[in-house]
Structures are given as C-alpha cells and as structure tokens.
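**Student:** First residue of the sequence shown: 2, per our numbering; consecutive thereafter.
Backbone N, C-alpha and C define an ideal beta-carbon position, used for all residues, glycine too.
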Amino acid sequence: MADPETLVLDRDGAVLTVTLSRPERKNALNTQMAVELLDLFGTVAFDEDVRVLVLTGAGDAFCSGADLGSLTPDTHGLAHMRELHRVAQTLHDLPQPTIARINGVAAGAGLNLALGCDLTVASTEARFSEIFARRGLSTDFGGAWLLPRLVGLHRAKELALLAEVLPASEAERLGLVNKVVPPAELDTAVAEWAQRLAAGPPIALAQTKRMLNRSVETSWEAMLDQESTAQTVNFSTKDMAEAMRAFFEKRDPTFEGR
C-alpha cells in the first residue's frame, strides 16, 4: 500500500504496530483514515510475514470516535456507514491475532475499534465510553454485536444507553479489556503478548480465532464439525510435526506457518 497519511506503521519482526495518527483530533476516525485502515487490513490479511497486528493511537488518546466534524452536507449517510463498517469487518476477518494497545480515551467507534481486536491492553489512564447516545446517535462499528458478547446483554444496554465514561479499572471489571497496567508498563505488557502470539503456530491460531468468532451463531454439532476439520488441517502441517519434535526434545518449537 502507499504510505498512509493518518497511520504510522512500525515493523518489529513479525509484529506490525499500527498507530492512528491524528493527535490534534485525538485520532478521530475520518474518511481518509478509514480508507487507509481498510487498505492496510486488506494487505496484512495476505502477508504471511505479519503474525500479529497491534493497534494503538498517537499522543494521549487511542481514538475518540468518528470525526463528525469531517462530514459535510453532501455526505451520503448510508454510503459513509458502509465504508466505515467495511473497516470493522476487515479487522474482524484478519487471520492474524490483533491487540489493541489503549493508551488513552477510546470512545464511540474508537472504543468499538479497540473491542474488535482479539486482545485489549489498557493504561490505567485510559477512559472508555459508548458515547453515541450523547451525540444523538445509535451504536455503530460493530458495538451492538460486540458488547453483548463481552459483557452480557443488560450490561451492554447500560453502556450503550447511558453512554457513561468509564475508568480503566471499571472497564477491566466489566470485561471490556483483558489487562490494565500503569502507563510505564503498557509497552512491555503489549510486547510480551505480541511476541508470544508471533511465536505461535499461525495456521492453528487463525483457525481457533475464526471458530471462536463464529461460536455464538454456531450450533454445538456444527462447531464440533468445524473443530474436526480444523484439527485435520493442523495434523497435516509442518508446524504440528515441529511441535511434536520439540516436545520430545524438551525445547520450544519454531513455527513457520507451514
């Protein structure tokens, strides 16, 4: 992809860190950023050298939500939302594990962008809000799907209908984030998980991620069938053979995604 204007990309081995970079707007999601994220996610999905994607924000914010100030009278509402939701869908469909590094405010579409990642690590200074109702809007960017699965239906309604701002400790208690650490420890915590995921078996992890994402809509019998198919694929990989050799040789395996 061409060099993005609203994103900063940093590659460390198999880990790609994507920084939303509109700090003057607290990294609010405008059309340009949506186009660049869509392009990036579409490219990463087929890049075997990227095993983990970390998403974070520049400055003191993760993402304050959609940039409503960038909309004009000529903006077609439905077309705009479809473009925005293509970003959410492409992130959801990434085969690689994704981590949200939440360094500050995550609100509205910005919060749901973070929740769309597989794992979430937040600074104690982060704040969270399904802010939509305060703006005369209903939830978007997948929030209506994500929230009930993360916190249960009644808690999801509380978050979406009251649109309160939550500190990181409360977000962790409710299950919106996996881990909360002091700001000075945020990079270390994210890097530890990212490196562990990057060292894992890519084919097996991708299949596990896909099945978990589908689990709520899939019957018990159908999921057993999917697990059987996935495991059959894993049995035929070089990574599975390497894992067995490493087990008997009492060493850590080296997975190649083959």
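Label threonine 121 either buried or exposed according to how many other C-beta atoms from any shown protein chain fall within 10 Å of its C-beta, with 16 as the threshold for buried.
**Tutor:** Within the sequence shown, residue 121 is the residue found at index 120, counting from 1. Threonine 121 is buried by the Cβ-count criterion.
**Student:** Who pairs with cysteine 118 in a beta bridge, going by DSSP?
**Tutor:** Locating residue 118 in the sequence shown gives position 117, counting from the first residue. Its beta-bridge partners do not exist; DSSP assigns none.
**Student:** Does DSSP put proline 5 in a helix, a strand or coil?
**Tutor:** Reading the sequence shown from its first residue, position 4 is the one you call residue 5. Proline 5 falls in the coil class under three-state DSSP.
**Student:** Below 8 angstroms between beta carbons: does that hold for phenylalanine 63 and alanine 110?
**Tutor:** The sequence position of residue 63 within the sequence shown is 62, counting from 1. The sequence position of residue 110 within the sequence shown is 109, counting from 1. For phenylalanine 63 and alanine 110, no; Cβs fall outside 8 angstroms.
**Student:** Within the stretch 180–212, note down every full beta strand (DSSP E) run reaching 3 residues or more, in order along the chain.
**Tutor:** You should have 180–182.
**Student:** Could you compute how far the alpha carbon of isoleucine 103 sits from the alpha carbon of leucine 206?
**Tutor:** Stepping through the sequence shown from its first residue, residue 103 is reached at position 102. Stepping through the sequence shown from its first residue, residue 206 is reached at position 205. Distance between the alpha carbons of isoleucine 103 and leucine 206: 23 angstroms.
**Student:** Would you kindly check if the distance between the Cβ of alanine 89 and the Cβ of glycine 117 is under 8 angstroms?
**Tutor:** Counted from its first residue, the sequence shown places residue 117 at position 116. Counted from its first residue, the sequence shown places residue 89 at position 88. A contact, by the Cβ cut-off of 8 angstroms.
**Student:** Please go through the stretch 55–112 and give each complete beta strand (DSSP E) segment of 3 or more residues, from N-terminal end onward.
**Tutor:** You should have 62–64, 99–103 and 106–108.
**Student:** Can you list, in chain order, the residues of its chain whose CB lies under 6 angstroms from that of glutamate 257, leaving out five sequence neighbours each side?
**Tutor:** Counted from its first residue, the sequence shown places residue 257 at position 256. Cβ within range, chain order: n/a, list empty.
**Student:** In its own chain, which residues sit with a C-beta less than 7 angstroms from the C-beta of asparagine 179, not counting the 5 before and 5 after it?
**Tutor:** As a first step, residue 179 is located in the sequence shown; it is residue number 178 there, counting from the start. If we look at asparagine 179 and ignore the five residues flanking it on each side, its Cβ neighbours are Leu120, Thr121 and Val122.
**Student:** Exposed or buried, alanine 3, counting other C-beta atoms within 10 Å across all chains shown (16 or more means buried)?
**Tutor:** On the sequence shown, residue 3 is found 2 positions in, with the first residue counted as 1. With fewer than 16 other Cβ atoms within 10 Å, it is exposed.
**Student:** From what residue to what residue does the alpha helix (DSSP H) around leucine 39 run?
**Tutor:** Position 38 of the sequence shown, counted from the first residue, corresponds to residue 39. Leucine 39 -> alpha helix (DSSP H) spans 32–45.
**Student:** If we count Cβ pairs, one from each stretch, closer than 8 angstroms, do we get three or more for the stretch 79–94 versus the stretch 125–139?
**Tutor:** Taking 8 angstroms as the limit for Cβ pairs, the verdict is that the stretch 125–139 does not touch the stretch 79–94.
**Student:** On the three-state DSSP scale, how would you describe alanine 225?
**Tutor:** For the purposes of this step, residue 225 is taken as residue 224 along the sequence shown, with counting starting at 1. In the sequence as presented, alanine is not what sits at residue 225; that position holds leucine. Helix.
**Student:** Quick one: what's got a C-beta closer than 7 angstroms to alanine 164's C-beta in the same chain, skipping five residues either side?
**Tutor:** Taking the first residue of the sequence shown as 1, we reach residue 164 at position 163. Only Ser130, Glu131, Ile132, Phe133, Ala134 and Arg135 meet the Cβ criterion.
**Student:** Taking the alpha-carbon positions, what's the arginine 211 to lysine 239 distance?
**Tutor:** Along the sequence shown, read from residue 1 onward, the residue named residue 211 stands at position 210. Along the sequence shown, read from residue 1 onward, the residue named residue 239 stands at position 238. Their Cα atoms are separated by approximately 21 angstroms.
**Student:** Under 8 angstroms, do valine 45 and alanine 199 count as touching if we go by C-beta distance?
**Tutor:** In the sequence shown, counting from the first residue as 1, residue 45 sits at position 44. In the sequence shown, counting from the first residue as 1, residue 199 sits at position 198. No, the Cβ-Cβ distance between valine 45 and alanine 199 is not below 8 angstroms.
**Student:** Considering Cα atoms alone, identify which of Gln97, Val181, Leu177 and Asp61 is closest to leucine 112.
**Tutor:** As a working note, residue 112 is residue 111 in the sequence shown. The shortest C-alpha separation from leucine 112 is found at Leu177.
**Student:** Can you tell me whether DSSP reads aspartate 11 as helix, strand or coil?
**Tutor:** Within the sequence shown, numbered from 1, the residue matching residue 11 stands at position 10. Aspartate 11: strand per DSSP, three-state reduction.
**Student:** Here's a check: name, in chain order, each residue in its chain whose Cβ is nearer than 8 angstroms to the Cβ of leucine 8, leaving out the five neighbours to either side.
**Tutor:** On the sequence shown, residue 8 is found 7 positions in, with the first residue counted as 1. If we look at leucine 8 and ignore the five residues flanking it on each side, its Cβ neighbours are Val19, Thr20, Leu21, Ser22, Met34, Glu37, Leu38 and Leu41.
**Student:** In three-state terms, what does DSSP make of serine 216?
**Tutor:** Taking the first residue of the sequence shown as position 1, residue 216 is located at position 215. The answer is helix: DSSP assigns serine 216 an H, G or I state.
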